[in-house]
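Heads up: the sequence shown runs through residues 1 to 127, numbered per full-length UniProt numbering. Structure first, then comments.
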Amino acid sequence: MIEYRPVIVGKKKILRIDVPAADRHDKPVYIGTDPMKGTYKRDYEGDFLCTEEAVRAMFADQRDISGDVEVLDEFGLDVLNQDTIKGYRIIFEQLHSGHPWNALENDELLNTLLYRQSVTDVSGDWY
Numbered sequence: 001m002i003e004y005r006p007v008i009v010g011k012k013k014i015l016r017i018d019v020p021a022a023d024r025h026d027k028p029v030y031i032g033t034d035p036m037k038g039t040y041k042r043d044y045e046g047d048f049l050c051t052e053e054a055v056r057a058m059f060a061d062q063r064d065i066s067g068d069v070e071v072l073d074e075f076g077l078d079v080l081n082q083d084t085i086k087g088y089r090i091i092f093e094q095l096h097s098g099h100p101w102n103a104l105e106n107d108e109l110l111n112t113l114l115y116r117q118s119v120t121d122v123s124g125d126w127y
């Protein structure tokens with residue numbers, strides 16, 4: 001909610017207007033009809049024109065559920081990038097040398113790390 005009130009600065013009376021930051025659901029806030037060309041971001045030094053990439057990120061942030069936490073039905077471990085899993089395992093082994101999980105196969109490790117294929121109940125809700 002925008003708030004305003006008169007304040008005294010020196011010998012002059014001015015109108016102070018406080019505009020709160022927009023909620024992520026309301027971003028991007030832009031001037032004109034094209035958010036890709038009229039979106040500005042405010043920081044402590046001023047207002048700056050946003051890049052198209054930053055505007056796209058604002059649109060993505062509007063969602064209540066991030067795309068990376070949605071359950072994708074009918075996908076198994078075979079769709080995961082094996083190089084990414086390998087890279088994770090290398091880092092994990094460096095940080096946790098001798099840990100029993102290092103001996104697990106990929107599917108066992110991912111299940112241990114709380115990966116699971118989506119399972120739906122009778123109502124269609126996943127758990």
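Built from N, CA and C at the ideal position, the CB exists for glycine as well. Just so it is clear, the structure is predicted and the values come from calculations on it, not from any experiment.
Closest by C-alpha distance to residue i, when choosing among the options
| i | options | result |
| --- | --- | --- |
| Ala21 | Asp107, Tyr40, Ala57 and Asp78 | Tyr40 |
| Phe92 | Asp64, His25 and Leu109 | Leu109 |
| Met36 | Leu80, Arg56 and Lys86 | Arg56 |
| Leu15 | Tyr4, Asp23 and His25 | Tyr4 |
| Thr51 | Gly38, Ala103, Gln82 and Val9 | Gly38 |
| Gln82 | Glu105, Arg42, Glu45 and Gly46 | Glu105 |
Supposed close pair residue i, residue j - CB separation, criterion 8 Å
| i | j | result |
| --- | --- | --- |
| Pro6 | Lys12 | Not quite, the Cβ-Cβ distance comes to about 10 Å (not below 8 Å), so this is no contact. |
| Ile2 | Val19 | 5 Å |
Buried/exposed call for residue i, threshold 16 Cβ in 10 Å
| i | result |
| --- | --- |
| Met58 | buried |
Residue i versus residue j - alpha carbon distance
| i | j | result |
| --- | --- | --- |
| Gly32 | Asp61 | 21 Å |
| His25 | Ile17 | 23 Å |
| Asp107 | Lys27 | 40 Å |
| Phe48 | Leu80 | 38 Å |
Helix, strand or coil at residue i [DSSP, three-state]
| i | result |
| --- | --- |
| Arg63 | coil |
| Thr33 | coil |
| Phe75 | coil |
| Val55 | helix |
is_contact[residue i, chain D] using C-beta, thresh 7 Å
| i | result |
| --- | --- |
| Thr112 | Absent from the structure: chain D. Only one protein chain is present. |
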